[in-house]
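Protein chains: 4
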Amino acid sequence: MSTAIPLETTLPTVNARIYPKGGLDVLSHNEVARLRDVSTGMHDLLRRCALAVLTSGSASDDPRAARELYPEFDIEVHQQDRGMRIDLHNAPAMAFVDGEIIRGVAELLFAVVRDLAYTAMDLGPDSPRDLDTTDGITDAVFGLLRNARILHPTDPNLVVCWGGHSISRDEYVYTKQVGYELGLRGLDICTGCGPGAMKGPMKGATIAHAKQRRFKTRYIGITEPGIIAAESPNPIVNHLVIMPDIEKRLEAFVRMGHGIIVFPGGVGTAEEILYLLGILLREENANLPFPLIFTGPASAAPYFEQIDKFIRLTLGDDATKRYEIIVGDPDQVAKRMSAGIRKVREHRIAQKDSFFFNWSIDIPLTFQRPFVPTHEAMAVLDLHHGRKPHELAADLRRAFSGIVAGNVKEDGMRRIEEFGPFEIHGDADMMQSLDALLRAFVEQRRMKIAGEYKPCYRVVA
Amino acid sequence: MSTAIPLETTLPTVNARIYPKGGLDVLSHNEVARLRDVSTGMHDLLRRCALAVLTSGSASDDPRAARELYPEFDIEVHQQDRGMRIDLHNAPAMAFVDGEIIRGVAELLFAVVRDLAYTAMDLGPDSPRDLDTTDGITDAVFGLLRNARILHPTDPNLVVCWGGHSISRDEYVYTKQVGYELGLRGLDICTGCGPGAMKGPMKGATIAHAKQRRFKTRYIGITEPGIIAAESPNPIVNHLVIMPDIEKRLEAFVRMGHGIIVFPGGVGTAEEILYLLGILLREENANLPFPLIFTGPASAAPYFEQIDKFIRLTLGDDATKRYEIIVGDPDQVAKRMSAGIRKVREHRIAQKDSFFFNWSIDIPLTFQRPFVPTHEAMAVLDLHHGRKPHELAADLRRAFSGIVAGNVKEDGMRRIEEFGPFEIHGDADMMQSLDALLRAFVEQRRMKIAGEYKPCYRVVA
Amino acid sequence: MSTAIPLETTLPTVNARIYPKGGLDVLSHNEVARLRDVSTGMHDLLRRCALAVLTSGSASDDPRAARELYPEFDIEVHQQDRGMRIDLHNAPAMAFVDGEIIRGVAELLFAVVRDLAYTAMDLGPDSPRDLDTTDGITDAVFGLLRNARILHPTDPNLVVCWGGHSISRDEYVYTKQVGYELGLRGLDICTGCGPGAMKGPMKGATIAHAKQRRFKTRYIGITEPGIIAAESPNPIVNHLVIMPDIEKRLEAFVRMGHGIIVFPGGVGTAEEILYLLGILLREENANLPFPLIFTGPASAAPYFEQIDKFIRLTLGDDATKRYEIIVGDPDQVAKRMSAGIRKVREHRIAQKDSFFFNWSIDIPLTFQRPFVPTHEAMAVLDLHHGRKPHELAADLRRAFSGIVAGNVKEDGMRRIEEFGPFEIHGDADMMQSLDALLRAFVEQRRMKIAGEYKPCYRVVA
Amino acid sequence: MSTAIPLETTLPTVNARIYPKGGLDVLSHNEVARLRDVSTGMHDLLRRCALAVLTSGSASDDPRAARELYPEFDIEVHQQDRGMRIDLHNAPAMAFVDGEIIRGVAELLFAVVRDLAYTAMDLGPDSPRDLDTTDGITDAVFGLLRNARILHPTDPNLVVCWGGHSISRDEYVYTKQVGYELGLRGLDICTGCGPGAMKGPMKGATIAHAKQRRFKTRYIGITEPGIIAAESPNPIVNHLVIMPDIEKRLEAFVRMGHGIIVFPGGVGTAEEILYLLGILLREENANLPFPLIFTGPASAAPYFEQIDKFIRLTLGDDATKRYEIIVGDPDQVAKRMSAGIRKVREHRIAQKDSFFFNWSIDIPLTFQRPFVPTHEAMAVLDLHHGRKPHELAADLRRAFSGIVAGNVKEDGMRRIEEFGPFEIHGDADMMQSLDALLRAFVEQRRMKIAGEYKPCYRVVA
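Chains as they are written, first to last, in the working numbering: chain A, 232 to 692; chain B, 232 to 692; chain C, 232 to 692; chain D, 232 to 692.
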């Protein structure tokens, strides 16, 4: 599958040629040309995503770190007799074992190529799609997921796990235990595909699936180009999808997952919670079953109390009906999730909705439109009481999304370096609560930042 | 897989619900809506193609016959929990065994739905593709074949078999023997997917593949909406593709096949021969290996002499270097084809061309552009000596294509009924030879026409 | 899988080394040694059976013909890194395609080795088994079939087809049609694995299974060393079992098959009918469902009338309740068989009997004990009215068995050459009827004997 | 697969019916009868082994504990339509998830039934085998392993891991890391199938195999009735084999494994080391490559020093050439093992020995004959300098074997309770060293004994 020649550089690297196995990924001449195009930035994007895949497991979440460590890294896609070939130059040796690339890493590389090729042809500037309507965006999400071959008509069993990439040892072990209990019950796992709470459930489920002799397992990682460098997919992930932006990534989670478990996390997790609650609180979704469980080890109880309080304050007490908090009981989490998914199954059958894509859930355009966190956009967020819960949730989601960008995404970090922290305006109590929440994340070291954390935002009551 | 309720009509019919197995075919809401759209003619097209699949094996090649026999037949595509569901109303009972649809027929139905949905979205009036350039058309052919999941990076082994749907018992047995010898050598079969020479090789190969324990076999049928009714796919076909028109169908044969065998046939076969020779005679393809064998039982020797003479007269003696005539020797046919494909393999590796799609072969726009055989278009064909062989071949191909349409395609038959026979103009010797060839086809009963054959053309020297 | 070097001899032969695929057949040092043992006759037996497999499709049914045509043929079994290796010396070229052995033939060779090794160790002279009791013999049959890996817990669907190896073209086509109809209904085929009625149903079922996309098909051939040379297995057979003698072969048919179809045949077929009816007529089996259909094309109607008459005369009219005669209606044969097998299924579930081995059917020792057709043994058969039907059937079975041996088995032929025809004694009407039946077989050319048939028996009233 | 009804007892239990999947395990009437036979002790043996499988993961290694906890537990094997059915009565609820048995546990139960049935028929008192010769015993080991379907002709890749069931957290994590590095290199794992060092490598390999997309993995557990209760197999084990006694179990390890890794352990591990070195030190095995690595985390360095010293003292310095000690370097362990196995592969090819069973290694009868550790047998062990190393090793092995029995096997424990500790005689220095080693095992808590350890032996210089 690969032949590798070790090179001598500061960090060990290898050159390698990689061929796909099974040959499902077949590209046209056009698509290969597009991926090689330097002028459009496509080649650079490919290089960055590939590097993230190849440095899975490294400690930093600074997206620029990998590139500084492997400055000579390059990737080329070629057409060949049996289809595609990937040439790697000065690639991180950590992705190889005795000169052979880890098979799972190779698969992720081919997934990167597949998704970027599709995005370039189908969702790029000359896309035939209408990406300004709700239907058009949902159809694009569907198209990309179908092209990634992860829409299977199996019984509902996909549990999305959200949570931090930087969590305590105690919390990490807990996520493994929950994954184990889910796996024993035949449930598959979908996460944002980085370390921490995104990896633990997959590891636990792997052991449980082995014991249950489940071989057609799905460990799905859904990411986007802005986040992949900070949260590089670990190779247990056997289905990687790169959505074009965070909003489509969130929609993919919600339309594919049959239930969601939230582990302790940081700002990104908060963004995800707000996104989901904002949608579930819409009247149109009032009767839609959607199991949602917040859980962590006993030590995480205060964390969820604070989150719960924040939700009550901003979205109202009614919002809490949409989730359940379970502390320190992996078995119970899995039981409740199983039961919830059974209801989802019944509902889909009754509604003639598909098992593999939740067409019924209503996601309005305000949650779908890409939010670009400029200082202007952050400043005009409308964080005041009196708005409809789902509208306020949409803006709160954007606020957290901007802070994630300021913390770990390249564009965002550049903006903060240039113009200083974002200003976020809103009602005093909401701003205080928001600030408290964010400070707690820092104290609990839920951001894997080198050195002392310098906030990228400033709240203004 | 299906539940069926027998109905009482003149010809026995059943109602049935059919579900796909394996669930590879996943449609979006948009696509299902498109297929159900009566206003665009899409629903009617779906109904006609489905009926062709369901009446495989019937005797007539009048495309309207099936519809007259099953006037109440209808089909509906639904979205459901596990994906797609097809509802059949008053469907021909011949596709069922004890009330259960034959599994292969069901697969072909799902292939029809898949290809028509793709064509509607991707190659229809609002297509994002440029279908006026060589590259654009080739990319469309590639896209449709990839979507049909038949571009596999296996070793070259696909033999295209052309020949008549109406052949003698002797010739039919011979096509089975050739298919058997090909199958013993691990070769797969691709045809136009009707009866006669399109079915025999697949049957022979099926027995040989069973003896060789080949399980991943490919019996590919490539058709188009205009011809499917006359040449309905038999269910040994395990990969059916419906190309949007005859020109893309021919391009699909030529880009996917690693070699071509021509059995005795009628006008359609002549069209195919002219198409292929026209392309192979181009200077750009001079060095391209492409095994091409004309073969039949001893009784078919005179047939191939006449074809050979016609080719020499029209395209010149050089054209005969591109093919080999083997009479009455299936073993030898298979050996020569195997040897030829080994050369194709070496050439692809040397040229870094893919095994599964012949990007290198040069097919000019004149062979790609859809030819609509109106009386005007037929009348202006330029069939004179002195033209470049491949240009003359292109017009000869169109002449045959027009006659096929006049014989068995709905549109063409309507035109002939309304305006009388086509007039074909050309040099006297060429016109005589053409007429003699066509008359021989009639005498040899190579057209499965009810009653006496009334020619749909008139040659004018 | 094999590398072959063509040699020059009178009939073309090759030398080859063959390796198993999948590696299920693993032999011990002891077993390999036993197979190579010349002193015990085991090596000779192996050579004869292997030659039969390699000459499948040849015209003669003289067991000695193949050995005269390939006098230098030899086979050796070796132990090697990945397990077994078979070396063939001067093997018939007809089993190879372009120097490669036909994969199905190779599989049959490994089956021969597997079964002879098992028989040598487990059923040979130092066998630990008690082969003198009903239970002991049945257990041995079970052990050999299990070792051959054909006892699968699938739903009952195995139809045993009996009938002649030498039948008319018309009858052969009919057996293919019946096989096709059985195959469309998901039924598998088991025969004695020679040509004629033993091959046609498998060929028909192969095409039908392809159309129904059945991939885990079973074409089981059950033979024994005495008959394999005369009825060499065709390579569609994907499960070959060599039972040690004719009685265990018959028991294997009856315990594995869920229903039996009898096509026109000769003496061997008559033996099979008598064996089965003898068993089914026992009181112990009175309530056991066992679908049994005699069928052939319209032209075979007189044949079955004669058989029917013979049965009524010898076993009484009641015996006819155990079978159904269907003439010229393959569809109806398949429907009736399907319905019969559904009843078998219900009965097994009710009786807690296994689907894959009919433990319930009572087969008395008189049908199990090997019958050696010496002149003495043949002379003392007691063919008189007044005996219990199943006892008379047992002796009639032996009579036919002896005639088969005299016709086509090496030992039997030798005896006839030495001592003249067998004498068979019995009541006058029975003897006349028997003789008429046997003469009809000869007239209808149901014995593939070279030259004029010289009867190996003489009836004495 | 199972339907379960929870019962109320002290420890939670369930009743369940279990059906095999895939149906490879097909029993004869005789075999089922044998397994149900109470008179021969077979039923009791089945019950004990089944209970061990069902209580995998429990804390105690007292073989009698499980039976006291589940006094009402019973198991019945039934014959049924699709083959076998297992009925469990009052089975430990810990083997079930939400009332469904863990699939891996069910597979282990069927393995228990399969092996006990085979042993009863083939190795029992009326066995046809000669179990008093080296060849006879080796053939029996081969027969049982083949019947368990684990002799596959794949490339050599099976690493046997020995080590304690009771090890420190630090050591356990290390065994997982070694397993991970082995798994990354495509190596499979075989252990004695209990907890600790027998489980860690499998867990690590499971994660690595998932990353390398290896699906046909082998986690082989080889046990015997005397030890299974103390070291119950964890359900990651996907191939369980129950050998009839410790000597055949050791022979199975040595003939199947392509290399052996020894982690820190207790008396049992010492027995295994002595067994293996005794064999490898024979002149007949001098040229046989057999990679053998002793390894543990840094904290285990003193442990291996002590072992090393004991080996030098008893077997001489030459014995140390047969193994390599690697401390705290999992990557290096895996690399060295990979390299060693490559040499094994070359040697087998050169010697025409099979990959899956090491026929070449010479194991003398003295290592094969079952040793029954009575007080008499222990007292006459000849532990003096001057004996040939492999003979001394054989007696030292027996000494350790006896102590294991006295510690954790039912028979042995009963003897100690009745007659007091074993007396072991030998040269003073050897006895001191032995005693020191055993005391160190106790101090390091390498025996999972409840309460204070009371030695079951007394050394006598």
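Cβ atoms here follow ideal geometry from the backbone N, Cα and C, with glycine treated the same way.
Requested in this report: Look at the Cβ atom of C:F341, then the Cβ atom of C:P251, and state whether they are nearer than 8 angstroms.
Outcome: Their beta carbons are under 8 angstroms apart, which means C:F341 touches C:P251 by this criterion.
Query raised in the report: DSSP beta-bridge partners for A:Y688?
Result: A:F653
Query raised in the report: What are the complete alpha helix (DSSP H) segments, minimum 4 residues, inside the stretch 522-593 of chain C?
Result: The qualifying runs are 532-546 and 561-582.
Query - the stretch 375-388 of chain C in contact with the stretch 513-530 of chain C per 3-pair CB rule at 8 angstroms - result: no
Query - D:F446: contacting residues in chain A (beta-carbon distance under 8 angstroms) - result: F446
Report task. Find out if the Cβ-Cβ distance for the pair C:G395, C:P464 is shorter than 8 angstroms. Result -> no
Requested in this report: Could you list which residues in chain C have their beta carbon closer than 8 angstroms to that of D:P359, in chain order?
Outcome: D357, S358 and P359
Query raised in the report: In chain A, which residues lie with their C-beta within 8 angstroms of the C-beta of B:Q311?
Result: K583 and S585
Query - B:P323, DSSP secondary structure in three states - result: strand
Query - DSSP state of A:L347 mapped onto helix, strand, coil - result: A:L347: helix per DSSP, three-state reduction.
Query raised in the report: Would you call the CB atoms of A:R486 and A:N469 closer than 8 angstroms?
Result: no
Query raised in the report: Candidates A:T597, A:T271, A:A428 and A:G452: which alpha carbon is nearest A:G497's?
Result: A:A428
Query raised in the report: Is it buried or exposed for D:V336, if we count other Cβ within 10 angstroms and need 16 for buried?
Result: buried
Query raised in the report: To the nearest angstrom, how far is it from the Cα of C:P243 to the Cα of C:A324?
Result: In a straight line, the C-alpha of C:P243 is about 5 angstroms away from that of C:A324.
**Report entry** A:L471 - DSSP class collapsed to helix/strand/coil
**Finding:** In the three-state scheme derived from DSSP, where H, G and I count as helix and E and B as strand, A:L471 is classed as strand.
Query raised in the report: Exposed or buried, A:E502, counting other C-beta atoms within 10 Å across all chains shown (16 or more means buried)?
Result: buried
Query raised in the report: Who are the Cβ neighbours of B:H615 in its own chain at under 7 angstroms, not counting the five residues just before and after it?
Result: G657 and D658
**Report entry** Below-8 angstroms beta-carbon distance, C:Q443 vs any chain B residue
**Finding:** yes
Query - Residue nearest to D:N246 in terms of C-alpha spacing, selected from D:N321, D:A531 and D:M273 - result: For D:N246, the nearest C-alpha among the options comes from D:N321.
Requested in this report: Following the continuous beta strand (DSSP E) through A:N246, name the residue where it begins and the one where it ends.
Outcome: T244 to I249
Query raised in the report: Are the beta-carbon atoms of B:V409 and B:T526 separated by less than 8 angstroms?
Result: yes
Requested in this report: Verify whether the separation of the beta carbon atoms of A:E462 and A:C424 is less than 8 angstroms.
Outcome: yes
Requested in this report: Return the chain-ordered list of same chain residues with a C-beta closer than 6 angstroms to the C-beta of A:D613, the five sequence neighbours on each side being excluded.
Outcome: Beyond the five residues adjoining it in sequence on each side, A:D613 comes within less than 6 angstroms, by CB distance, of D626 in the same chain, given in chain order.
Query raised in the report: Is the beta carbon of B:F586 sitting closer than 8 angstroms to the one on A:R645?
Result: In this structure, B:F586 keeps its C-beta atom at 8 angstroms or more from the C-beta atom of A:R645.
Query raised in the report: With which residues is C:M315 paired in a DSSP beta bridge?
Result: C:Q310
Query raised in the report: Between which two residues does the beta strand (DSSP E) harbouring A:C280 extend?
Result: A:C280 -> not in any beta strand (DSSP E); alpha helix (DSSP H) instead, spanning M273 to L285.
Query raised in the report: Hey, is D:F341's beta-carbon within less than 8 angstroms of any beta-carbon in chain C?
Result: no
Query - Secondary structure of D:E622, DSSP reduced to three states - result: helix
Query raised in the report: Taking Cβ positions only, does D:S259 come closer than 8 angstroms to chain C?
Result: Yes, its Cβ sits closer than 8 angstroms to a Cβ of chain C.
Query raised in the report: Is B:Y450 helix, strand or coil when you go by DSSP?
Result: strand
Query raised in the report: Okay, do the stretch 599-613 of chain A and the stretch 624-638 of chain A touch, 3+ Cβ pairs below 8 angstroms being the bar?
Result: yes
Query - Sub-8 angstroms separation of A:A436 and A:G414 beta-carbons - result: Yes, they are a contact pair.
Query raised in the report: When burial is assigned at 16 or more other CB atoms within 10 Å of the CB, is B:Y688 buried or exposed?
Result: buried
Requested in this report: Can you give me, in chain order, the residues of the stretch 446-465 of chain A that have a beta carbon less than 9 angstroms from any beta carbon in chain B?
Outcome: Listed by position, the residues of the stretch 446-465 of chain A near chain B (Cβ gap below 9 angstroms) amount to none.
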